[in-house]
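Counting in UniProt numbering, the sequence shown runs from 1 upward without gaps.
Each residue gets a CB set at the ideal place from its N, CA and C atoms; glycine is no exception.
Note that this is a predicted model, so its numbers are computed, not measured.
Working notes for the structure below.
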Amino acid sequence: MSQKFAKNLLITGANRGIGLEFVKKLASRVDILFAGCRKPSEAKELNALKDVHNNIHVVEIDVTCEKNIQACIEEVSKVCGEAGLSCLINNAGANKKPDNKVTELSLDDLKRIFSVNTFGPPIVCKHSLSLLQQAAKTHSDQIITKPLIVNIGTGLSSVSRMNRDMSCYYSYNMSKSPLNMFTKMLSLEIEEDGIDVIAIHPGWVQTDMGGSNATLTVQQSIDMMLETLSNLRQEQNGTLINFKGETIPY
Ligand code: NDP
């Protein structure tokens with residue numbers, strides 16, 4: 001069996017796509033895996049995995065609702081106890097059909113997408129921080145040697161790389177750029193606590209969001225991201241990287 005990736009791990013948006021594949025790949029490589037989703041009772045694949053791996057806890061989390069986030073983290077805390085949480089993956093994300101003209105913008109869509117992609121991860125981090133700090137106090141044998149926050153970002157958030165060929169999602173691209181600032185600021189704030197923060201672009205992946213023409217299968221993306229996350233260098237803390245570990249400039 002591969003070396004343990006992390007002691008305890010929480011991932012949001014775990015019921016399908018990239019999140020579900022992380023659960024499949026990591027269930028046997030952590031002590032406890034909290035698989036977060038909006039509707040646990042409807043998460044068929046997750047519940048089937050839970051029947052095979054009794055270390056999977058399916059927890060309810062809607063990243064647009066602070067009370068719900070708080071309740072979820074309280075549940076996680078009760079199970080983790082003194083070990084704390086060694087890895088948080090902010091994966092939940094939302095998109096809409098292409099809106100490549102400013103005249104196609106919709107305030108309702110912008111609010112919905114920003115609620116998930118922009119406001120969700122910081123509020124999940126706010127409530128998880130004490131658990132990550134707790135994990136930093138205990139040394140254990142795992143691949144990530146320090147507690148780690150992984151924000152699933154995108155190359156489309158890069159202002160410096162944006163060009164007309166790739167700018168087909170105003171709402172989505174705009175909603176992911178602030179995640180880069182958050183990643184950087186949080187990394188600076190909690191560096192002294194011994195906690196790392198990274199934003200990672202999974203590639204263009206065959207999921208409901210990525211579509212069937214995407215270049216990577218979900219298995220390929222997760223395999224490469226896990227390899228990259230297992231070999232993070234300290235200078236990458238607070239940056240946006242792709243699934244291969246290459247820097248994407250903000
Ligand atoms: P999917 O659309 O396949 O899955 C999105 C996941 O996010 C679902 O589990 C969904 O749950 C969950 N989610 C949506 N809204 C909320 C919410 N309010 N609270 C909690 N969970 C929520 O997308 P992917 O798996 O492709 O994307 C995962 C991440 O990767 C996203 O952050 C995305 O932006 C990013 N990404 C994806 C790329 C790709 O090519 N696929 C490329 C670059 C980045 P539900 O079933 O309840 O809707």
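Check, Outcome
"Ranges of the beta strand (DSSP E) found wholly within the region 61 to 139, counting only runs of at least 3", "87 to 90"
"K50 versus T64, A35, V63 and D62, residue with shortest Cα-Cα distance", "A35"
"L105 versus D208 - alpha carbon distance", "22 Å"
"Inter-residue spacing [alpha-carbon to alpha-carbon] between Q133 and G84", "7 Å"
"Where the alpha helix (DSSP H) containing A35 begins and where it ends", "Here A35 belongs to no alpha helix (DSSP H); instead the beta strand (DSSP E) covers V30 to C37."
"Span of the alpha helix (DSSP H), counted from its first residue to its last, around K25", "G17 to L26"
"Backbone CA spacing between F114 and C87 [nearest angstrom]", "24 Å"
"Whether D196 touches N237 by CB criterion (8 Å)", "yes"
"CA-to-CA distance, D165 to E191, given in whole angstroms", "37 Å"
"Nearest to G120 (by Cα), restricted to the options A94, R29 and V205", "A94"
"Proximal residues to G17 (C-beta, below 7 Å), its chain only, five neighbours per side dropped", "T207, D208, M209 and V218"
"Beta-carbon spacing of S171, D223 below 8 Å", "no"
"Local Cβ density within 10 Å of T12, reported as buried at 16 or more and exposed below that", "buried"
"Boundaries (first-last residue) of the beta strand (DSSP E) holding A199", "D196 to H201"
"Straight-line Cα distance separating G155 from S212", "19 Å"
"Distance cut-off 7 Å: D108 Cβ against heavy atoms of the ligand NDP", "no"
"Short Cβ contact (8 Å threshold) for L131 with V205", "no"
"Coil, strand or helix - V159 by DSSP", "coil"
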